[in-house]
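Structure first, commentary second.
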Amino acid sequence: MPPRKKRVVASTEAEEALDDPQTATAGPSRASKGKQVKFQDPEESDDGDAYEEPATKKRKTTATASKKGKGKARKPKKLELFQAIPLDVLVLIMEELDTKTLLAMSRTCSTFRSLLHSDQGAAAWKCARANTGEIPDLQAKDLEEWMLASLLFDSTCHICHKGRAQTVDYVLRARGCASCMRKNSVRRENMKDEARFHRKVWECVPESKWSPMYGQVYLFYWTPTVRAVSERLFALDGKPGFDAYLEERRKVKAGATADGVTLAQWESRYAMKRQDDQADATTSRKQKIKEKLKELGYSEQEFRLIEWNKLVDQPRDLTDRIWNTLKPQLVHLLDAERELRRQSELAQAMRKRAEKLQPFYNGLQASIASDSARSLFPPFSNFLLFTNVKPLYEPEDADPTLSDLNQARQGILSEADAFAHAIQRAFLGRLVKANMDLRKLEGAVATTSSNRYADAPLVSANDAFALAKEITSVVKCPKKWCTTYATFPAILDHVKVCETTSALTEDALSTTPAQIAAVRHIVESASKKVSETSTASLYALGRAFLCSDCEPKNPLLGAAAWSSYSSNPPRDWAGMLSHLLKQHAPPANGPQSFPALQFTPPAAPSPGQANPGGFVVDPDSPQSQKGEGAAV
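Residue numbers (our numbering): 308 to 939.
Next comes the structure, spelled out in structure tokens:
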């Protein structure tokens, strides 16, 4: 169905607009988004009335958009307001800035750039140099003020415009990245197109001297400057201005050489001053943070825990905004440190209560009649983990009496028996398995007294106990830096006195096929029988074993040098066992063989060495009457 036509009710202004040809031909207003109203001449209409097409629906607008006033002027931006400042006032502001700030200001817009790169901005740059560590004046007049500022404080390569260009040469007045400096800072003899340059160009361009060592001096030139000056010399060669330009460039070269030394010295002073300022700022920041933390109830000792934290140790002034950001983080760190300190204090207090049980522990161990059962009594660290022992020291108010100890005695002994049974069963199982694996790897039955169960998958308890007593069944102390070896259960007696605070686990004592074979190899090299050798007899041999595969002794070295610097010194049996397992470990699935060992026991002391301390007693000296000795 076609839309119903509507009579157009035109206002007086609309009728006047129709009569005006300029207004009638004007384009539609930007505010109107729908279809335009079409005014028809009454004579062209069939029924004598003017009709219009239905207008489109208005677009929905947000509440913010509907509140915007129409016809308001655009709000000027901050930079435009700054640019509207009178020139004399702007120059006064610029004169109070430092060089880095003025350099950044010159890059904000074209207006400031044009002003500061012109002759009018020279005064502002000079004031900025005075405000920035008193940058010295230059003798060479070819470098403008803004160029000097860019050379000193900019970090952009002058060639490829790459950021973070750290290499700068003040004599050549150039800053560049490593690649551009290698390509453009070149020695004269390394320039391929040297013949194309003007003959006088080397008198007119700055040269940087570098002396690495031995008094040699190398001269480097900046190739862009060489090309530019050479082209100018060719253009003026034979003309009236040639001599004047040549003299001017010679003065520039002399001034640039002197300026390079001056600027390098200034840079060193500026860097030291900057470090001092940063140190002062860091100290001031720490002091302010410490005072604010004291107001929150934290002590100076607690502040020292976070003094070197990156949130505190910064060369930035502490403002209110920064403090509001740091406060929750620092409070969290200090509360965590407080909790750690509290837990540490509780652990120390509990440890002191546990140490009071040491006499009770010694009494329980001494009450065991059998030596083997006494050796299997758990170490003190394992004793403290017993269920019947924890109530005696873990509570903060624990103070057990004699009746409390006697009441827990039987339960503690039961747990000690369970520990001894578990640790013994675990060790013997690993020991039997290691011996079985060794016999399988060797492919032959051993000829020792243990060959009765070489092929047996299982052995009796008596056989396992007999195997544990052999020298080949020694195990190392579980402590990492201890090199003591002993058989089971004698190793448990050593663990109790080895000052270890960690509890002994079931898998802490074990051996391997390689270790069994290495011990047997050491015993056989000493011409001893495995069944008749003990750890005490092996320790009594001293440093009597030498590895034949390692670097031999250098006969040109003296005894002191040999004992101190040799990579293959004589070792005792425990040291040689560690050396074989570490340096000459056999493959896990191959024959367990080791290099030959030289057994050289120390010679017995001669009668002249009866006093090995090196002191003799002079019968006529007064020391002999006091029983003292005189040094030889």
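Where a beta carbon is used, it is the ideal one built from N, C-alpha and C, also for glycine.
In this structure, what does DSSP give as the bridge partners for residue i?
i	result
C854	L904
W453	In DSSP, W453 forms no bridge with anything.
Which two residues bound the contiguous alpha helix (DSSP H) that contains residue i?
i	result
D583	F549 to E602
S834	Per DSSP, S834 belongs to no alpha helix (DSSP H) and is neither H nor E.
V475	Looking at the DSSP string, V475 is not in any alpha helix (DSSP H); the run it does join, the beta strand (DSSP E), is T474 to D476.
S651	D627 to E662
K803	A797 to K803
N689	F687 to F690
F504	Unbroken run through F504: none, as it is neither H nor E.
D444	Here D444 belongs to no alpha helix (DSSP H), and DSSP marks it neither H nor E.
R681	D678 to S682
R420	S417 to L423
What is the DSSP secondary structure of residue i, reduced to helix, strand or coil?
i	result
G428	helix
V781	coil
R878	strand
Y846	helix
L526	strand
Y668	helix
A793	strand
K516	strand
L748	helix
L404	coil
G897	coil
C487	helix
H465	coil
P702	coil
A773	helix
A391	coil
S928	The predicted model places S928 with a pLDDT of 45, which falls under 50 and marks its position as unreliable; any figure quoted below should be read in that light. Correct three-state label for S928: coil.
R623	coil
Residue range of the beta strand (DSSP E) that residue i falls in?
i	result
Y605	It is not in any beta strand (DSSP E) - Y605 carries neither H nor E in the DSSP assignment.
S841	That residue, S841, is in no beta strand (DSSP E); it is neither H nor E in DSSP.
R494	S492 to R494
R482	A481 to G483
Can you say whether residue i is buried or exposed, counting buried as having 16 or more other CB atoms within 10 angstroms of its CB?
i	result
V478	buried
F541	exposed
L845	buried
I392	exposed
K783	buried
M412	buried
S352	Note that S352 scores 42 on pLDDT, short of 50, meaning its location in the model is unreliable; the coordinates nonetheless yield the value given after this. Counting Cβ neighbours within 10 Å, S352 comes out exposed, since fewer than 16 surround it.
Y521	exposed
V559	buried
G897	exposed
S515	buried
K663	exposed
I823	buried
V536	buried
L647	exposed
P877	buried
S780	buried
P820	buried
For residue i, I'd like the list of residues in its chain whose CB is within less than 6 Å of its CB, leaving aside the five on either flank, ordered along the chain.
i	result
L799	S682
L887	A825 and F901
L445	D566
K786	C805 and T807
F734	F795 and L816
L653	none
L712	F667
P513	V478, L479, K560 and A563
A727	L683
N438	D405
Enumerate in chain order the residues of its own chain whose CB-to-CB distance from residue i is below 7 Å, with the five nearest sequence positions on each side excluded.
i	result
F690	Y668 and V696
T589	D620, Q621 and P622
P707	L699
In its own chain, which residues sit with a C-beta less than 8 Å from the C-beta of residue i, not counting the 5 before and 5 after it?
i	result
R716	L671
K803	P686 and F687
E607	K597 and K601
R506	none
L692	A810
R414	R420
R503	S537
G440	W573, R576, Y577 and K580
Using a Cβ cut-off of 7 Å (strictly closer), state whether residue i contacts chain C.
i	result
G736	The structure shown contains no chain C; it holds only a single protein chain.
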